[in-house]
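Just so you know, the sequence shown maps onto residues 17 to 204 in our numbering.
The beta carbon of each residue, even a glycine, is placed where N, CA and C say it ideally should be.
Since the model is a prediction, treat every value here as computed from it, not as a measurement.
Single-structure report; data block below.
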Amino acid sequence: MTPPDAACLKAVAAFNALSEREGWDQHCDSALAFDHSDFPRMLAIWQEQAAGKPMPARSSMTPRALKDFLPRVAINERTSVDPPRFTWRLMGTHVAQVLGERTGKFIDEDAPPRQVARWNASLDMVLRAARPLRFAGRVLVNGKTYLNSELLFMPLADDTGQPRFILGFGRYGFDWPNPRSRAALASA
């Protein structure tokens with residue numbers, strides 16, 4: 017995977033500054049410095065399905081391709097650009113246990129405004145960057161603020177090749193990602 021370009025790095029820095037100002041408790045890492053071995057495996061599936069294109073099509077990310085990861089995945093679709101608005105198209109069982117079942121709902125339907133702003137900003141940035149990004153932070157919904165998250169958001173193309181979907185993969189737990197990653201996030 018090619019390193020992030022200057023525009024991506026600038027967008028990540030702007031997101032992290034906004035997150036700090038707004039109290040979103042989430043940081044973006046364009047270097048993809050993962051704490052758990054499942055993340056590189058998931059990223060490898062995304063790269064394999066892309067087959068040399070900038071990103072895979074949503075239709076190529078089949079249940080068969082994702083079978084080992086289905087409980088921990090979610091797929092969002094951007095339904096408008098300005099302002100960005102997203103729906104939940106698919107939510108794995110583990111994701112639903114943490115965030116609440118939201119399949120078929122718009123992100124802004126039943127989440128607190130702070131969470132809606134965070135989700136919209138992170139999902140929109142992944143589509144604009146047209147590359148996978150790592151996020152680490154705290155869960156802000158469903159009474160689960162005691163949980164931390166490590167997330168990999170990967171863009172997916174629609175049938176015309178345009179970035180429109182985001183495949184998310186996540187792990188949730190009580191511990192913050194390790195200090196090596198926290199230092200990487202601080203320098204991002």
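| said: Once the 5 residues before and after L106 are set aside, which same chain residues still bring their CB inside 8 Å of it? | reply: V89, A90, I91, T119
| task | Look at the alpha carbon of V97 and the alpha carbon of R57, and state the distance between them as a whole number of angstroms. | result | 31 Å
| query | In whole angstroms, what separates the C-alpha of F85 from that of F185? | reply | 8 Å
| request: With a threshold of 16 other CB atoms inside 10 Å of the CB of F181, please say whether the residue is buried or exposed. | output: Burial call: buried.
| To the nearest whole angstrom, what separates the beta carbons of L168 and R150, a pair I think is in contact under 8 Å? | 6 Å
| query | In chain order, which continuous runs of the alpha helix (DSSP H) of length 4 or greater are located wholly inside the region 110-161? | reply | For the region 110-161, whole alpha helix (DSSP H) runs of length 4 or above, ordered along the chain, are 129-145.
| Does the separation of the CB atoms of P171 and L48 fall below 8 Å? | no
| field | R144 versus G159 - alpha carbon distance | value | Whole-angstrom Cα-Cα distance: 31 Å.
| task | To the nearest angstrom, report how far apart R196 and W104 are at their CA atoms. | result | Because R196 carries a pLDDT of 41, less than 50, the predicted location of this residue cannot be relied on, and no value is offered for it.
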